[in-house]
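Novice: Numbering (the numbering used here), first residue to last: 934 to 1001. Using N, Cα and C, we set each Cβ at its ideal position, and we do this for glycine too. This structure is a prediction, so every number in the text was calculated from the model and none was measured.
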């Protein structure tokens, strides 16, 4: 699964908005929207924060693994 789909899936599972995710990783709602649409990608630091927030590995988050 691609990063953009996995991010959206994880966000919706937690019932969080794009705004809430943006606040956690220091991005705007529009920035998160761009990640979920595949128009841009987060920085390495933002990936770390996302993985920590969702309690998954970066490999899982970016679609390199199906193991959390």
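1) Which residues mark the beginning and the end of the alpha helix (DSSP H) in which residue 985 is found?
2) Could you name the residues of the same chain whose beta carbon sits closer than 8 Å to that of residue 977, not counting the 5 residues immediately before and after it, in chain order?
3) In terms of alpha-carbon separation, which member of 997, 969, 939 lies closest to residue 952?
4) How many Å lie between residue 937 and residue 983 at the Cα?
5) Give a yes or no on whether the C-beta atoms belonging to residue 994 and residue 939 are separated by under 8 Å.
Specialist: The answer reads as follows:
1) 977-987
2) None.
3) In terms of Cα proximity to residue 952, the closest of 997, 969, 939 is 969.
4) 12 Å
5) yes
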